[in-house]
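Take a look at the structure below.
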Amino acid sequence: MNIAIILSGGVGSRMGIDMPKQYVEVEGMPVLGYSLAAFAAHPDIDAIVVAVADQWSDFVAGLAARLCPEKPVSLAPAGQTRQYSIFNALEVAVRSATGDADLVIVHDGARPLVGADLIGRCLAACSAADAVMPAIAVKDTTYLSDDGTTITALLDRSKLWAGQAPEAFRLAKYLAAHRAMDAAELMKINGSTELAFKSGLSCRIIEGDPMNFKITTPEDLSNFKTIIKARKK
(Lines of atoms letter the chains of each structure in order from A and count residues from 1; the text may use other names and numbers.)
(Lines give C-alpha, C1' and ligand atoms only; values in the text may rest on other atoms or scores of the structure.)
Protein backbone atom coordinates (compact mmCIF):
# COMPACT_ATOMS: atom_id res chain seq x y z
CA MET A 1 0.00 0.00 0.00
CA ASN A 2 1.26 3.49 -0.87
CA ILE A 3 0.03 6.32 1.32
CA ALA A 4 0.63 9.99 0.54
CA ILE A 5 1.19 12.40 3.42
CA ILE A 6 0.59 16.04 2.49
CA LEU A 7 1.76 18.67 4.94
CA SER A 8 -0.57 21.64 5.27
CA GLY A 9 0.11 22.92 8.78
CA GLY A 10 2.45 25.82 7.97
CA VAL A 11 1.53 29.43 8.69
CA GLY A 12 3.42 31.08 5.80
CA SER A 13 5.00 33.82 7.93
CA ARG A 14 7.24 35.07 5.11
CA MET A 15 4.36 35.72 2.73
CA GLY A 16 3.02 38.87 4.36
CA ILE A 17 -0.61 37.78 3.91
CA ASP A 18 -3.42 37.02 6.37
CA MET A 19 -3.70 33.29 5.64
CA PRO A 20 -1.32 30.36 5.15
CA LYS A 21 0.08 30.28 1.62
CA GLN A 22 -1.31 26.82 0.89
CA TYR A 23 -4.86 28.16 1.09
CA VAL A 24 -4.42 31.11 -1.25
CA GLU A 25 -6.66 30.66 -4.27
CA VAL A 26 -5.02 30.56 -7.69
CA GLU A 27 -7.23 30.30 -10.75
CA GLY A 28 -10.16 28.96 -8.74
CA MET A 29 -8.18 26.44 -6.67
CA PRO A 30 -6.35 26.75 -3.33
CA VAL A 31 -2.62 26.08 -3.68
CA LEU A 32 -3.05 22.94 -1.58
CA GLY A 33 -5.64 21.66 -4.03
CA TYR A 34 -3.07 21.28 -6.80
CA SER A 35 -0.99 18.87 -4.68
CA LEU A 36 -4.08 17.01 -3.49
CA ALA A 37 -5.30 16.58 -7.05
CA ALA A 38 -1.90 15.30 -8.22
CA PHE A 39 -1.78 12.54 -5.61
CA ALA A 40 -5.47 11.69 -5.94
CA ALA A 41 -5.00 11.17 -9.68
CA HIS A 42 -1.86 9.04 -9.40
CA PRO A 43 -2.58 5.34 -9.98
CA ASP A 44 0.06 4.21 -7.46
CA ILE A 45 -1.40 6.14 -4.52
CA ASP A 46 -3.93 4.22 -2.44
CA ALA A 47 -4.75 6.70 0.34
CA ILE A 48 -3.92 10.22 1.51
CA VAL A 49 -3.30 11.76 4.94
CA VAL A 50 -3.25 15.54 5.29
CA ALA A 51 -1.57 17.13 8.32
CA VAL A 52 -3.55 20.29 9.04
CA ALA A 53 -4.05 22.88 11.79
CA ASP A 54 -7.38 22.57 13.64
CA GLN A 55 -8.79 25.86 12.34
CA TRP A 56 -8.41 24.68 8.72
CA SER A 57 -9.53 21.07 9.15
CA ASP A 58 -13.10 21.64 7.92
CA PHE A 59 -11.85 23.55 4.90
CA VAL A 60 -9.35 20.81 4.01
CA ALA A 61 -11.92 18.04 4.57
CA GLY A 62 -14.28 19.76 2.13
CA LEU A 63 -11.54 20.30 -0.42
CA ALA A 64 -10.45 16.67 -0.18
CA ALA A 65 -14.01 15.42 -0.61
CA ARG A 66 -14.26 17.43 -3.84
CA LEU A 67 -10.85 16.54 -5.29
CA CYS A 68 -10.36 12.99 -4.03
CA PRO A 69 -13.77 11.28 -4.31
CA GLU A 70 -12.31 7.86 -5.15
CA LYS A 71 -9.53 7.63 -2.56
CA PRO A 72 -9.73 7.67 1.25
CA VAL A 73 -8.44 10.88 2.82
CA SER A 74 -7.71 11.20 6.55
CA LEU A 75 -6.65 14.24 8.56
CA ALA A 76 -3.86 14.37 11.13
CA PRO A 77 -3.20 17.22 13.56
CA ALA A 78 -0.36 19.58 12.67
CA GLY A 79 2.55 19.39 15.11
CA GLN A 80 4.88 21.93 16.68
CA THR A 81 7.32 21.47 13.80
CA ARG A 82 7.18 20.08 10.29
CA GLN A 83 8.66 16.79 11.46
CA TYR A 84 6.15 16.46 14.28
CA SER A 85 3.39 16.96 11.71
CA ILE A 86 4.91 14.08 9.76
CA PHE A 87 5.05 11.98 12.94
CA ASN A 88 1.36 12.65 13.62
CA ALA A 89 0.47 11.78 10.03
CA LEU A 90 2.50 8.56 10.18
CA GLU A 91 0.54 7.46 13.25
CA VAL A 92 -2.64 7.97 11.23
CA ALA A 93 -1.23 6.29 8.10
CA VAL A 94 -0.14 3.16 9.95
CA ARG A 95 -3.78 2.41 10.81
CA SER A 96 -4.27 1.53 7.13
CA ALA A 97 -1.00 -0.39 6.84
CA THR A 98 -1.04 -3.87 5.34
CA GLY A 99 2.58 -4.99 5.90
CA ASP A 100 6.30 -4.25 5.75
CA ALA A 101 6.10 -3.42 2.03
CA ASP A 102 3.91 -0.36 2.65
CA LEU A 103 5.34 3.00 1.61
CA VAL A 104 4.61 6.59 2.56
CA ILE A 105 5.42 9.53 0.32
CA VAL A 106 5.67 12.88 2.10
CA HIS A 107 4.92 16.11 0.25
CA ASP A 108 4.56 19.80 1.03
CA GLY A 109 1.17 21.33 0.34
CA ALA A 110 3.06 24.42 -0.80
CA ARG A 111 4.76 22.53 -3.69
CA PRO A 112 1.78 22.57 -6.07
CA LEU A 113 3.62 21.67 -9.27
CA VAL A 114 4.57 18.11 -8.34
CA GLY A 115 4.29 15.85 -11.36
CA ALA A 116 3.09 12.27 -11.74
CA ASP A 117 6.50 11.19 -13.06
CA LEU A 118 8.32 12.39 -9.94
CA ILE A 119 5.79 10.70 -7.63
CA GLY A 120 6.21 7.44 -9.52
CA ARG A 121 10.01 7.59 -9.55
CA CYS A 122 10.15 8.23 -5.78
CA LEU A 123 7.97 5.22 -5.07
CA ALA A 124 9.85 2.99 -7.51
CA ALA A 125 13.24 3.89 -6.03
CA CYS A 126 12.07 2.69 -2.60
CA SER A 127 12.49 -0.87 -3.89
CA ALA A 128 16.24 -0.37 -3.36
CA ALA A 129 16.31 1.91 -0.30
CA ASP A 130 14.49 2.76 2.92
CA ALA A 131 14.26 6.46 2.01
CA VAL A 132 14.25 8.32 -1.31
CA MET A 133 14.70 12.06 -1.80
CA PRO A 134 14.55 13.94 -5.11
CA ALA A 135 17.27 16.57 -5.35
CA ILE A 136 18.63 19.23 -7.68
CA ALA A 137 22.37 19.74 -8.17
CA VAL A 138 23.61 23.02 -6.70
CA LYS A 139 24.75 25.23 -9.60
CA ASP A 140 26.13 28.31 -7.82
CA THR A 141 29.44 28.57 -6.00
CA THR A 142 28.56 27.89 -2.39
CA TYR A 143 30.26 29.23 0.72
CA LEU A 144 30.11 28.35 4.41
CA SER A 145 29.87 31.26 6.85
CA ASP A 146 29.73 30.72 10.59
CA ASP A 147 28.66 34.30 11.36
CA GLY A 148 26.84 35.37 8.20
CA THR A 149 29.36 38.10 7.40
CA THR A 150 32.67 36.35 6.65
CA ILE A 151 33.56 33.29 4.60
CA THR A 152 34.55 30.29 6.70
CA ALA A 153 35.00 27.75 3.91
CA LEU A 154 34.39 27.15 0.23
CA LEU A 155 32.22 24.09 -0.39
CA ASP A 156 32.59 21.71 -3.34
CA ARG A 157 29.37 22.31 -5.26
CA SER A 158 29.85 19.10 -7.27
CA LYS A 159 28.96 17.23 -4.07
CA LEU A 160 26.05 19.44 -2.99
CA TRP A 161 22.39 18.75 -3.66
CA ALA A 162 19.25 20.74 -2.82
CA GLY A 163 16.58 18.42 -1.48
CA GLN A 164 12.96 18.53 -2.62
CA ALA A 165 9.71 16.79 -1.80
CA PRO A 166 7.99 14.39 -2.18
CA GLU A 167 10.20 12.00 -0.22
CA ALA A 168 9.31 8.31 -0.04
CA PHE A 169 9.93 5.95 2.87
CA ARG A 170 9.25 2.42 4.02
CA LEU A 171 6.41 3.14 6.42
CA ALA A 172 7.26 0.69 9.21
CA LYS A 173 10.94 1.65 9.40
CA TYR A 174 10.30 5.38 9.13
CA LEU A 175 7.65 5.34 11.86
CA ALA A 176 9.88 3.22 14.12
CA ALA A 177 12.68 5.79 13.65
CA HIS A 178 10.35 8.57 14.80
CA ARG A 179 9.20 6.62 17.82
CA ALA A 180 12.80 5.86 18.80
CA MET A 181 14.15 9.39 18.47
CA ASP A 182 14.50 11.64 21.51
CA ALA A 183 11.86 14.40 21.53
CA ALA A 184 14.45 17.18 21.79
CA GLU A 185 16.37 15.81 18.80
CA LEU A 186 13.17 15.38 16.81
CA MET A 187 12.44 19.09 17.33
CA LYS A 188 15.71 19.93 15.56
CA ILE A 189 15.02 17.93 12.38
CA ASN A 190 14.64 20.16 9.31
CA GLY A 191 14.15 17.70 6.46
CA SER A 192 12.20 14.46 6.18
CA THR A 193 15.15 12.42 4.93
CA GLU A 194 17.44 13.95 7.56
CA LEU A 195 15.68 11.87 10.21
CA ALA A 196 16.01 8.71 8.12
CA PHE A 197 19.73 9.34 7.60
CA LYS A 198 20.36 10.03 11.28
CA SER A 199 18.49 6.85 12.17
CA GLY A 200 20.72 4.68 9.99
CA LEU A 201 18.19 3.95 7.24
CA SER A 202 19.47 3.52 3.70
CA CYS A 203 18.85 6.78 1.82
CA ARG A 204 18.94 7.34 -1.92
CA ILE A 205 18.90 10.51 -4.03
CA ILE A 206 17.09 10.64 -7.36
CA GLU A 207 16.83 13.43 -9.90
CA GLY A 208 14.41 16.15 -8.86
CA ASP A 209 12.36 18.57 -10.94
CA PRO A 210 13.27 22.29 -11.16
CA MET A 211 9.58 23.13 -11.67
CA ASN A 212 8.70 21.49 -8.38
CA PHE A 213 9.51 24.58 -6.31
CA LYS A 214 8.11 25.41 -2.90
CA ILE A 215 6.06 28.58 -2.50
CA THR A 216 7.86 30.46 0.27
CA THR A 217 7.90 34.11 -0.81
CA PRO A 218 5.46 36.45 -2.60
CA GLU A 219 7.68 36.10 -5.68
CA ASP A 220 7.21 32.32 -5.63
CA LEU A 221 3.45 32.76 -5.46
CA SER A 222 3.53 35.23 -8.34
CA ASN A 223 5.57 32.78 -10.45
CA PHE A 224 3.11 29.99 -9.70
CA LYS A 225 0.17 32.16 -10.74
CA THR A 226 1.92 32.96 -14.01
CA ILE A 227 2.57 29.28 -14.73
CA ILE A 228 -1.03 28.23 -14.02
CA LYS A 229 -2.47 31.03 -16.12
CA ALA A 230 -0.19 30.04 -19.01
CA ARG A 231 -1.23 26.41 -18.73
CA LYS A 232 -4.91 27.34 -18.93
CA LYS A 233 -4.55 29.30 -22.15
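So the sequence shown is numbered by this note's numbering: it starts at 8 and just counts up by one.
Note that CB positions come from ideal geometry on N, CA and C, so glycine has one too.
Residues near residue i in its chain [Cβ-Cβ closer than 7 angstroms; skip 5 each side]
i      : result
Val101 : Leu178 and Leu182
Ala60  : Gly16 and Ala85
Ile212 : Met140, Ala142 and Trp168
Straight-line gap, residue i to residue j (C-alpha atoms, nearest Å)
i      : j      : result
Pro79  : Leu151 : 45 angstroms
Ile12  : Asp51  : 14 angstroms
Leu97  : Leu82  : 11 angstroms
Leu208 : His185 : 12 angstroms
Glu192 : Ala203 : 13 angstroms
Ser206 : Lys239 : 44 angstroms
Ser165 : Thr149 : 10 angstroms
Thr233 : Leu43  : 20 angstroms
Ala71  : Ala131 : 26 angstroms
Ala172 : Val111 : 12 angstroms
Thr159 : Ala144 : 22 angstroms
Tyr91  : Lys146 : 32 angstroms
Asn197 : Ile10  : 22 angstroms
Leu39  : Asp163 : 36 angstroms
Asp25  : Val31  : 10 angstroms
Val99  : Thr157 : 46 angstroms
Asp153 : Leu161 : 12 angstroms
Leu125 : Ala190 : 32 angstroms
Continuous alpha helix (DSSP H) stretch holding residue i: start and end
i      : result
Asp115 : Not the alpha helix (DSSP H): Asp115 falls in the beta strand (DSSP E), residues Leu110 to Asp115.
Arg211 : Where Arg211 is concerned, there is no enclosing alpha helix (DSSP H), although the beta strand (DSSP E) it sits in stretches over Cys210 to Glu214.
Ser92  : Arg89 to Ala100
Ile222 : That residue, Ile222, is in no alpha helix (DSSP H); it is neither H nor E in DSSP.
Tyr41  : Val38 to Ala48
Gly127 : Ala123 to Ala132
Host beta strand (DSSP E) of residue i (start-end)
i      : result
Thr149 : Thr149 to Leu151
Ala60  : First-last for Ala60: undefined, no H or E at that position.
Pro84  : Val80 to Pro84
Ile52  : Unbroken run through Ile52: none, as it is neither H nor E.
Ala104 : Unbroken run through Ala104: none, as it is neither H nor E.
Ser15  : Asn9 to Ser15
Proximity to residue i [Cα-Cα], best of the options
i      : options                           : result
Pro225 : Gln29, Leu14 and Glu192           : Gln29
Ala169 : Gly122, Ala190, Glu201 and Ser229 : Glu201
Pro76  : Phe46, Trp63, Thr88 and Gln90     : Phe46
Ala136 : Asp153, Asp109 and Gly155         : Asp109
Phe94  : Thr223, Lys221 and Met194         : Met194
Phe66  : Gln87, Ile55, Val56 and Pro37     : Pro37
Asp107 : Thr223, Met8, Pro27 and Val56     : Met8
Ile222 : Ala117, Ser199, Gly155 and Thr157 : Ala117
Val56  : Val113, Leu161 and Pro27          : Val113
Trp63  : Leu14, Asn230, Cys210 and Met188  : Leu14
Other residues of its chain near residue i: CB distance less than 8 angstroms, five sequence neighbours each side excluded
i      : result
Gly127 : His49 and Asp51
Gly122 : Ala45, Asp216, Met218 and Asn219
Ala237 : none
Cβ-based neighbour list, residue i, same chain, cut-off 6 angstroms, excluding 5 preceding and 5 following
i      : result
Val33  : Lys232 and Ile235
Leu120 : Met218 and Asn219
Cys133 : Leu110, Val139 and Ala175
Asp53  : Met8 and Asn9
Problem - 3-residue-minimum beta strand (DSSP E) runs that sit fully inside the stretch 135-200, ordered along the chain - result: Fully enclosed beta strand (DSSP E) runs of 3 or longer: 138-144, 149-151, 160-162, 168-170 and 174-177.
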